[in-house]
Amino acid sequence: MKLTEKQKRFADEYIKSGNATQAAIKAGYSKKTANRIGAENLSKLVIRDYIDERMRTIENNRIMTAKEAVEFLTSVVRGDVKETVVIGTPMGAEEIEKEPDVKTRISAAKEILKRYPDNDKVMEQQLRKLTAEADIAEAQAKRELSDEQNSSIEVSIVMPEQEDNNDE
27 MKLTEKQKRF ADEYIKSGNA TQAAIKAGYS KKTANRIGAE NLSKLVIRDY
77 IDERMRTIEN NRIMTAKEAV EFLTSVVRGD VKETVVIGTP MGAEEIEKEP
127 DVKTRISAAK EILKRYPDND KVMEQQLRKL TAEADIAEAQ AKRELSDEQN
177 SSIEVSIVMP EQEDNNDE
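Quick note, the numbering used here runs 26 ahead of the 1-based positions in the sequence shown.
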């Protein structure tokens with residue numbers, strides 16, 4: 027059985043207000059019988075199914091999917107999302123848009139990685155690699171700094187051989 031146009035209007039109005047009597051009146055039913063008709067319409071399976079289907083559609087459109095959440099977090103990490111902040115200036119307050127700070131980006135990256143199984147092992151390996159690379163870079167920087175310091179104070183004194191020792 028298919029919904030009549032009036033039943034469809036009733037269902038749509040009921041979804042908006044949650045009030046069966048008011049929905050019946052707005053759909054075009056008599057004010058005198060709206061209370062009874064509203065209750066009857068809600069008990070009809072075809073109307074109930076229509077309302078349930080519309081509610082699922084509304085929920086699907088309003089509630090973020092997992093994919094949307096990961097895409098948003100990714101855009102935060104990449105700096106694509108801007109946030110509006112208020113800063114004080116000599117002329118008063120001013121609104122500016124800025125990229126997320128590093129702390130926010132790291133937090134978003136952690137949230138993304140939580141969603142992938144076995145990411146702990148990969149993250150641990152990447153962390154070890156980054157730590158090793160940082161240690162190497164630090165050692166190279168110290169060595170270069172040390173070489174610069176030593177070269178600036180290195181003094182070579184060349185003494186001519188004494189002729190007295192050769193006479194003997």
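Virtual Cβ for every residue (Gly too), placed ideally from N, Cα, C. Just so you know, these numbers come straight off a predicted model, no measurement behind them.
Short Cβ contact (8 Å threshold) for residue i with residue j
i	j	result
T115	E123	no
G64	R35	no
V96	I132	no
G105	E121	no
M81	I41	yes
Selection from the options that minimises the alpha carbon distance to residue i
i	options	result
S101	M27, A134, E120, V112	A134
V103	E39, Q33, D127	D127
L71	K108, T47, Q33	Q33
L29	R88, Y76, E164	Y76
V107	G118, K58, T130, N87	T130
Span separating the alpha-carbon of residue i from that of residue j
i	j	result
F98	E170	43 Å
D161	L153	12 Å
P45	N67	Reading off the sequence, residue 45 comes out as Asn, not Pro. Answer to the nearest angstrom: the Cα atoms are 12 Å apart.
R74	K155	59 Å
A37	S43	10 Å
D78	S69	13 Å
E31	K93	37 Å
A158	A167	14 Å
M27	V112	58 Å
K22	E39	As displayed, the chain neither begins before 27 nor continues past 194, which places residue 22 out of reach and without an answer.
N61	A49	10 Å
Q151	K136	15 Å
N87	K57	34 Å
M117	S172	49 Å
Next item on the list: Could I get the ranges of all uninterrupted beta strand (DSSP E) runs contained in the region 88–156, with 3 residues as the minimum, in chain order?
Entry: Taking only runs of at least 3 residues, the beta strand (DSSP E) segments lying wholly in the region 88–156 are 109–115, 118–124.
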